[in-house]
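Student:
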Amino acid sequence: MPELPLLRRGLDYLGVSRPVVERDPDATGEYGTRLARMHSDEAEVGPLNALEKSRLRRIQLFGTTGSMLILIGSLGTGMLPVLQNPIVGTRILSLPSRMYSTALTVSIGGMMTLVLAWLLLSRFTIGRMSVEVAERRSPARRMSRSQIYQTMVMWAAPLVIAPPLLSKDVYSYLAQSAIAYRGMDPYTYSPMRGLGVDHVLTLSVPNLWKDTPAPYGPLFLWIGEHITAITGENITVAVLLHRVVALFGVAMIVWSLPRLARRCGVSSVTALWLGALNPLLVLHLIGGIHNEALMLGLMLVGMEWCFRAIDGSERLRRLDRLLPSRTGWILAAGVALIAASAMVKVSSMLALGFIGIALARRWGATLPALRNAPPAQWWDRSRTSFFALTKAASALLSVTVAVIVAICLGTGLGFGWTGTLSTGGIVRSWMSMPTLLSVVAGRVGLWLGMGEQTQAILDIARPIGQLIAAILVVRWLLACLAGRVHPLGGLGIAMATFVVFFPFVQAWYLLWAIIPLAAWATTRWFRVGTVVISAIMSVVVMPTSSDTPPLVVAQGLLTGLLMVAITAMAFFIDSPVRLWLWRRRRAKRG
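Residue numbers (the working numbering): 5 to 594.
#1: Compare the Cα-Cα distances from V536 to each of A410, L123, A275 and report the closest residue.
#2: Return helix, strand or coil for G50, following the three-state DSSP convention.
#3: Got a sec? Which residues, its chain only, sit under 7 Å from L320 by beta carbon, not counting five neighbours each side?
#4: Between which two residues does the alpha helix (DSSP H) containing G493 stretch?
#5: Comparing C-alpha positions only, which one of L212, L75, W277 sits nearest to F128?
#6: Helix, strand or coil, according to DSSP, for E7 in the structure here?
#7: How long is the line joining the alpha carbons of S352 and M573, rounded to whole angstroms?
#8: How would you label G455, buried or exposed, when you count the other beta carbons within 10 angstroms and need 16 or more for buried?
#9: Okay, do the region 412-420 and the region 390-400 touch, 3+ Cβ pairs below 8 Å being the bar?
#10: Verify whether the separation of the beta carbon atoms of V209 and S181 is less than 9 Å.
#11: Ignoring anything shorter than 4 residues or poking outside the region 232-310, list the alpha helix (DSSP H) runs there in chain order.
#12: Helix, strand or coil for R197 per DSSP?
#13: Within a Cβ cutoff of 8 Å, which residues of the same chain sit near Y185, ignoring the five residues on either side of it in sequence?
#14: Roughly how many whole angstroms lie between the Cα atoms of W383 and H246?
#15: Suppose the cutoff is 7 Å on Cβ atoms and the five residues either side in sequence are ignored; what does the same chain contact list for E237 look like?
#16: Check whether the Cβ atoms of P217 and G418 sit closer than 9 Å, and answer yes or no.
#17: Taking the alpha-carbon positions, what's the S426 to G446 distance?
#18: Can you tell me which residues form a DSSP beta bridge with P328?
#19: Is S402 close to chain B, meaning its C-beta is less than 9 Å from at least one C-beta of that chain?
#20: When you compare only the Cα positions, how much space is there between R102 and P162?
#21: Let's test the definition: count the other Cβ atoms within 10 Å of the Cβ of D173 and tell me whether it reaches 16, buried, or not, exposed.
#22: If we ignore side chains and look at the alpha-carbon of each, how far apart do W556 and S105 end up?
#23: Is the region 339-350 close to the region 369-379, with three or more CB pairs under 8 Å?
#24: According to the Cβ coordinates, are M156 and V258 closer than 9 Å?
#25: Could you check what DSSP says for R4 in three-state terms: helix, strand or coil?
#26: According to the Cβ coordinates, are G292 and P168 closer than 9 Å?
#27: Are there three or more Cβ pairs, one per stretch, closer than 8 Å when the region 41-50 is compared with the region 136-147?
#28: Once the 5 residues before and after A255 are set aside, which same chain residues still bring their CB inside 8 Å of it?
#29: Return the chain-ordered list of same chain residues with a C-beta closer than 6 Å to the C-beta of G560, the five sequence neighbours on each side being excluded.
#30: Could you check how far apart the C-beta atoms of A166 and S78 are, in whole angstroms? I think they sit under 8 Å.
#31: Short check: CB of S260 to CB of E308, under 9 Å?
#32: Who are the Cβ neighbours of G564 in its own chain at under 6 Å, not counting the five residues just before and after it?
#33: In angstroms, rounded to a whole number, what distance separates the CA positions of S171 and R62?
#34: Looking only at its own chain, which residues have a Cβ that is under 7 Å from the Cβ of L207, when we skip the five neighbours before and after it?
#35: Kindly examine the ligand PLP and report whether one of its heavy atoms sits closer than 8 Å to the Cβ of E456.
#36: Would you grab the beta carbon distance between V545 and A511 for me? Rounded to a whole angstrom, and I think it's under 8 Å.
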């Protein structure tokens, strides 16, 4: 090796050698350094003054008017059952169904009004977009949590008695639950085969799902089975009880979100406004009766209980015996709730990974510095983290497996759900990146005369997308292990990654990421982006059937915009039109 220094000097003389870079052997990499900029602590501020309370009251009534318009329009555009339609035969309630164009206009106008009211509340939660949000500082005053709760009740109350909105998924819930109630396996029998083609519940199931087994967890179908035991084949009462279940899930979201936000140093009011009062939640989880409400509610309550135990100073295990302490039981209960949420929809299982990282960090785990260290030191540097991670994984896995086995065996539905997780893959959603790219590539190939290859491209692109998502999720886990990102924020980012690369995505799936991130992320681009995306997606998903002529939809949009403008002029004292009329009237008197 004596010629190497001579070679080095020769290369240096020619100017072609790489400069020597001093590498810190204790550096752990930059996992999460950019993500950490998404968060900063927020200060709690005082209540609104008298003028702001007056404006808040008008915004609350404005949004309630939007919900009332949605209720009226849903009598004609809602997802009513094929049979047992409670509106048919009534003089007044059936009027919107006989005037579809008018009902569509009223529904669209109501959705726009509700979204606009939510946007107007931003000034009383995150502040003005061009001032407080742009400068990343808290506003001088915010509305209180009680005012947020009051607003949510006012906006959600009309939708509680409305027909299912924007989706017929609830009729799939009813049919699959009825199959389980009959003692058959809903993971084997589809509504068409389990109940029959002409059954009252099968007829209301969308054609896409009539011959597909249930993709949902056994806990949710067990709840639906008991609803079927109460209601029988009464669709109206069964839909109402499923909405009660969704409202219970929303209540858990509302309970846990401010607590998680305070734990992360974020304003609880802002988290509630961005997450729980989001029009996507109001329209799709309450109005659409989706089981994401129960899944997210159980997951968030479980995470709050887990963080309460992990962040506390008390021991998790008793000193005198191998049993959990009171704090340890709280941790176990939180893990059990997250596992139960996965038995509604399995996607919430991702939360356990970040809870495991938080628990391992309590036991001394850190991201070991291995990149620039000699291989001989790798084990010494990672020994403590390895044992802490193993211990945390074992503890969480034992509770999770026990809960899942208990639910699967206790409900009598078994483990058939593991074979139907990809049932939704028949949907080609433009919101899924692999699906969108595959469909576009397939169309291009068709135009070029290469034949229909879309399904073949999907079969390749979707697994690649899932692999990319898995790699990115591991990176977010490492960022949390390094202590740069809070596990709640890491979960929100991982959920966003999961949604983007998921084979099929619906509008309400965005709430998987928005709700956890609402309690952690404070950066301007996140909040502005979330507001814009939520507002657009709330309006883009139209309450129309597939055979509605485009001209009717365009007429509904234009008339709905005009409705919102007129309603806004009537509600707001300082609207430009009212100020102009007031000045003109005053000039005439003078």
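Ideal Cβ positions, reconstructed from N, Cα and C, are used throughout, including at glycine.
Tutor: Considering the structure as presented:
#1: L123
#2: Under the three-state reduction of DSSP output, G50 falls in the strand class.
#3: A313, P328, S329, T331, G332, L335
#4: 491-505
#5: W277
#6: Low local confidence applies: a pLDDT of 47 at E7 is under 50, so the model's placement there is unreliable, with the coordinate-based value given in what follows. In this structure, E7 counts as helix in the three-state DSSP scheme.
#7: 43 Å
#8: exposed
#9: no
#10: no
#11: Whole alpha helix (DSSP H) segments, 4+ residues: 239-267, 272-275.
#12: helix
#13: E229, T232, A233
#14: When rounded, the distance between both Cα atoms is 53 Å.
#15: V204, L205
#16: no
#17: 21 Å
#18: For P328, the pairing in a beta bridge is given by DSSP as R321.
#19: Absent from the structure is chain B; it holds one protein chain and no more.
#20: Looking at the two C-alpha atoms, the distance is approximately 21 Å.
#21: That one is buried.
#22: Per the sequence presented here, residue 556 reads as Val, with Trp not at that position. S105 has its alpha-carbon roughly 7 Å from the corresponding atom of V556.
#23: no
#24: yes
#25: Any property of residue 4 remains undetermined from this structure, which presents the chain solely from 5 to 594.
#26: yes
#27: Yes, since at least three Cβ pairs between the region 41-50 and the region 136-147 fall closer than 8 Å, the two stretches touch.
#28: G301
#29: L108, T109, I112
#30: 5 Å
#31: Here S260 is near E308, since their CB atoms are less than 9 Å apart.
#32: T109, I112, G113, M116
#33: 30 Å
#34: V86, L87
#35: Only the bare structure without any ligand can be found here, which leaves the ligand PLP out of the picture.
#36: Confirmed, about 5 Å.
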